[in-house]
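S.K.:
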Amino acid sequence: MTAADARVAAAVAGDRNAIEALVTELLPRIRNLVRYLVRGDIDADDLAQEAMVAIVRGLPSHRGDGAFTAWADRVAVRATFTGLRKARRARAQLDDGADLTSVPHPDGPPDAYAQRRAAVRLLDDLPDEQRHVLVLHHVLGLSVPDIASELALPFETVRSRLRLGMARLRALHDSPAVGGRP
Amino acid sequence: MTRRRFETDDPTAVREPGVEPHAGVLPNLDDEPGPARRLSSARTARMVDDILAAALAPVVEAAPPAPARRAPRRLVPLMAAALVAAALVGAAAAVVTTRLLAAPTAAPPAAVAPIDEPAPAPIDEPAPAPIDEPAPAPIDEPAQVDEPTPPRPRPPALDRALSDDAPAADVMALANQRRKERAWREADALYRRVAARFVGTDAAIVAMVASATLHLEHLGDPRGALTGYQRALAARPGGALAEEARWGIAEARRALGDPAAEAAALRAFLAAHPDAALAPAARRRLGELSSTP
C-alpha cells in the first residue's frame, strides 16, 4: 500500500488529520474541475467548496476499488450539477468579470495557467449542456456511455452534444473576435 | 499525471471519433494550475477550514428522534443560504457569509446562549431594535465586562456598517462576523436591521432566514424562528431560500413539540422540494412520526 493509499484509507476510517491532508491535496484539482464545468469564478469556488464537503461526507462510501481521484471526480461532478440546478433556480449565473489570464500562477508555468484560463473563457460561451459533455469527455476522460449514464441522457444525445459543442468550440477558438487565434 | 480513461484498455472508454479538440484547448484534468483562478495560501487554508467545519459537523440524520428538542444543526440549508447570500449581497460579503454561516455549525452546544436569558424580541416586530439601544450589548464592546474600560474607537468598517446609509452587504458582513463570534443577539439584531431596512430585497430574505435560524438554534426561541421562516417564505414562496424556510418551519414545529404540524410542514417541504438534499431526511422523519402512537 502506498503512502497515498494509506492516507485515503485513514481518511475513510475517519482520521481527521488524514481527511485534512486529503482535502488540502484534492482542493486544487476539484476547483479546476468545477471551473471547467461552471461559468464564472465566484460560482466555481462556492460550488467547489460544496463538492469538497460532499467528498468528505461520502468518504465512508468509498470502496477502494479504482483510483481515489476518479471517485472524487465523480462525486464532485454530481455535487456540482446538483448545485447548478439549485443556483439556476435562484438566479442567473454571475460573471465576476475578473480577467486573470495575464496573471502568472505562483505554482506553475504561466503559459499553462493562461492557456487554461483562455480555455474556460471559450467554454463560457457554450451552452451548458454542450459544455458539460465536453468537459466530462475531454477533461475527465469519461466515455460516451459513462456520460450518458452519469447525466441520465440517451447515448445519441451525448454524441450529438459532443459534436455540436466541439464544432462550436473550434469556431470560437479560431475566431479573433472572441479571443481565439488571430 | 492522471491517465485518461480513453487511454486505458477499457473498450467502452474510447474517445468519441470526430470530436478531437484543438491541442491544449481542453487538457486532461491534472495537477497543473488552472483554470480555477489562483488563490493565496491563506485563502486556501481558510477554504480547507471551512470545508472541514461543514463536512465534519454532526448532520441532521444523526439526530435522535425526540418529540421535542432543540433543532438539529442544518448544514446544507446554511451552505445554500451562504451561496445565495454570496450572490445577493456582493462578493465581499460572500466570503464572510460562506465562512461565518457555516462556522457555528461546528460549535459545541455548550456555547449556545443560555435559554434562561431574557427572551429575545419577537422576530415579527415592526422594526428591529436599534443595535445601539440597551437591549443587546453594544456591538463594539465585549458582552461581559468585569471592570470599566475606556471606550475603544470604532473601526471604520464598523462605522460604515452602522450608518443609516450603510449598504446591505456591509451590515450583513458585520452580522456574520458577530455570528462567528457567537454574539447571537447582536448578530440577530443586525440581521433584523437588514430585513427592516431593505424590505423586498433579496438581502432582506437572506437576513430573515439567518435571523430565524439564530432563534431556532441559539436563542431558544422556536416560536420566533417559526415566525421568521414563515415571513421569509411568504415574501418569496418560490425564492432561492424557500427550501431553507420550509425546512426551518418543520424544524421549528418539531422544537415546539407539535408532531401534527411538523408532519404537515414536512409534507409541504417534500411537495415543494422533492429532490432536495434534505428530502431523504424529511421522509425518514415523516416515517418516524407516522409510527409514533
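So the sequence lines, in the order shown, correspond to chains X and R.
Throughout, my numbering is defined as the position within the first sequence, counted from one, plus 69.
Throughout, my numbering is defined as the position within the second sequence, counted from one, plus 489.
C-beta: ideal position from N, C-alpha, C; glycine also.
In this text the structure is predicted, and so the values were computed from the model without any measurement.
(1) Measure the Cβ-Cβ separation of Tyr680 (chain R) and Ala662 (chain R) and say whether it is below 8 Å.
(2) Does the distance from the C-beta atom of Glu732 (chain R) to that of Ala771 (chain R) stay below 8 Å?
(3) Please report the straight-line C-alpha distance between Glu670 (chain R) and Glu198 (chain X), rounded to a whole angstrom.
(4) I need the DSSP call for Ala596 (chain R), collapsed to helix, strand or coil.
(5) Run through chain X and tell me which residues come within less than 8 Å of Ala525 (chain R), C-beta to C-beta.
(6) Distance, Cα to Cα, Met235 (chain X) vs Gln719 (chain R)?
(7) If you measure from the beta carbon of Gly210 (chain X) to each beta carbon in chain R, is any gap under 8 Å?
(8) Listing by chain order, which chain R residues have their CB less than 8 Å from the CB of Glu89 (chain X)?
(9) For Val698 (chain R), would you say it is in contact with chain X, using Cβ-to-Cβ distances shorter than 8 Å as the test?
(10) To the nearest angstrom, how far is it from the Cα of Arg232 (chain X) to the Cα of Pro522 (chain R)?
(11) Does any CB atom of chain X fall closer than 8 Å to the CB of Leu759 (chain R)?
(12) Alpha carbon to alpha carbon, what distance is there between Arg674 (chain R) and Thr151 (chain X)?
(13) For Leu515 (chain R) versus Ala120 (chain X), is the C-beta spacing smaller than 8 Å?
(14) Might you give, ordered along the chain, the residues of its own chain that have their beta carbon closer than 6 Å to the beta carbon of Ala741 (chain R), omitting 5 neighbours on each side?
(15) So which residues on chain X does Asn517 (chain R) lean against when the C-beta distance must stay under 9 Å?
(16) Could you check where the alpha helix (DSSP H) with Val213 (chain X) kicks off and where it finishes?
(17) Just verifying my parser: in three-state terms, what is the DSSP assignment at Gln162 (chain X)?
(18) What residue range is occupied by the uninterrupted alpha helix (DSSP H) comprising Gly717 (chain R)?
(19) Val213 (chain X): buried (16+ other C-beta within 10 angstroms of its C-beta) or exposed?
(20) What's the gap between the Cα of Gly776 (chain R) and the Cα of Gly746 (chain R)?
(21) Using alpha carbons as the reference points, say which of X:Ala73, X:Gly83 and X:Leu102 lies closest to His201 (chain X).
(22) Within 10 angstroms of the Cβ of Gly83 (chain X), are there 16 or more other Cβ atoms? Answer buried if so, exposed if not.
(23) For the alpha helix (DSSP H) that contains Asp243 (chain X), what are its first and last residues?
(24) Look at the alpha carbon of Pro656 (chain R) and the alpha carbon of Thr690 (chain R), and state the distance between them as a whole number of angstroms.
(25) List the residues of chain X that Asp520 (chain R) touches, going by C-beta distances under 8 Å, in chain order.
(26) Looking at C-alpha atoms only, which residue of R:Leu722, R:Arg668, R:Leu528 and R:Ala692 is the closest neighbour of Leu708 (chain R)?
(27) Which word fits Arg185 (chain X), buried or exposed, when buried means at least 16 other C-beta atoms lie within 10 angstroms of its C-beta?
(28) Between the stretch 517-532 of chain R and the stretch 213-232 of chain X, do at least 3 Cβ pairs fall closer than 8 Å?
(29) What separation, rounded to the nearest whole angstrom, lies between the Cα atoms of Asp193 (chain X) and Arg230 (chain X)?
(30) Go to Glu751 (chain R), then tell me how far its alpha helix (DSSP H) extends in each direction, as first and last residue.
(31) Which whole-angstrom value describes the C-beta separation of Ile540 (chain R) and Val92 (chain X), a residue pair presumed to lie in contact below a C-beta threshold of 8 Å?
(32) Go ahead and label Ala436 (chain R) buried or exposed: buried means 16 or more other beta carbons lie within 10 angstroms of its beta carbon, across all protein chains shown.
(33) Taking the Cβ atom as the reference point for each residue, do Arg104 (chain X) and Pro769 (chain R) lie within a distance shorter than 8 Å?
(34) Residues of chain X with a CB under 7 Å from the CB of Thr702 (chain R): which are they?
(35) Going by DSSP, what residue range makes up the alpha helix (DSSP H) through Thr93 (chain X)?
(36) Nearest to Ile99 (chain X) by alpha carbon, out of X:Arg228, X:Ala75 and X:Trp140?
M.R.: Reading it off the structure:
(1) no
(2) no
(3) 43 Å
(4) Note that Ala596 (chain R) scores 34 on pLDDT, short of 50, meaning its location in the model is unreliable; the coordinates nonetheless yield the value given after this. Three-state result, Ala596 (chain R): coil.
(5) Pro97, Arg100, Asn101, Val103, Arg104, Asp110, Ala113, Asp114 and Ala117
(6) 47 Å
(7) yes
(8) Val537 and Leu541
(9) no
(10) 28 Å
(11) no
(12) 34 Å
(13) no
(14) Leu705, Pro711, Ala714 and Leu715
(15) His207, Val208, Leu209 and Gly210
(16) Val213 to Leu220
(17) With a pLDDT of 37 at Gln162 (chain X), under the threshold of 50, the predicted position of this residue should be treated as unreliable, and no value is reported.
(18) Pro711 to Ala724
(19) buried
(20) 17 Å
(21) X:Leu102
(22) exposed
(23) Phe224 to Asp243
(24) 12 Å
(25) Pro97 and Arg98
(26) R:Arg668
(27) buried
(28) no
(29) 16 Å
(30) Pro748 to Ala761
(31) 5 Å
(32) This structure cannot speak to residue 436 (chain R), because chain R is shown only from 490 to 782.
(33) no
(34) Near Thr702 (chain R) there are no residues of chain X at all, since even the closest Cβ is about 18 Å away, more than 7 Å.
(35) Arg85 to Leu106
(36) X:Trp140
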